[in-house]
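Asker: Numbering (my numbering), first residue to last: 1 to 106.
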Ligand SMILES: [Zn+2]
């Protein structure tokens, strides 16, 4: 994984408007970069936003075969993250592999 991809992912993820900064990058079956995405809040409803993984699929569709997922703390450091049950179900169904960036606990 190149340094540039991680740096770009960090920059993009910090633009999230959610209280949790979650971002991801999608690759096709040959590990070519397809696109990136962040989570989106839905106003006035706790946990009602669009998660980064599903946002990515909405934008780029079935070309995505691998996802690199990360969460950042306010300090810009990587924090632990894993797909929620709902996203996991969708990703499994589509045969998408998720790689999580390991982060330090808050
Ligand atoms: Zn989710």
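For each residue, glycine too, the CB sits at the ideal point set by N, CA and C.
Tell me the DSSP bridge mates of residue 60?
Answerer: DSSP lists no partner for residue 60.
Asker: Assuming residue 98 and residue 64 are in contact, meaning their beta carbons sit under 8 Å apart, how far apart are those beta carbons, in whole angstroms?
Answerer: Their Cβ separation, rounded to whole angstroms, is 10 Å, which puts residue 98 and residue 64 out of contact at 8 Å.
Asker: What residues in its chain sit with their C-beta under 6 Å from that of residue 51, if we drop five residues either side in the sequence?
Answerer: So the list reads 39, 87, once near-sequence residues are dropped.
Asker: Just tell me which of 59, 53, 102 has its CA closest to the CA of residue 163.
Answerer: No information on residue 163 is available, as it lies outside the stretch 1 to 106 that the chain covers here.
Asker: Please state whether the Cβ-Cβ distance between residue 33 and residue 5 is less than 8 Å.
Answerer: Yes. Within cutoff.
Asker: Within this structure, are the beta carbons of residue 81 and residue 22 separated by less than 8 Å?
Answerer: Yes, the Cβ-Cβ distance between residue 81 and residue 22 is below 8 Å.
Asker: Is the CB-CB distance between residue 24 and residue 72 below 8 Å?
Answerer: Not a contact, by the Cβ cut-off of 8 Å.
Asker: Could you tell me whether the Cβ atoms of residue 49 and residue 62 are closer together than 8 Å?
Answerer: No, Cβ-Cβ distance for residue 49 and residue 62 is not below 8 Å.
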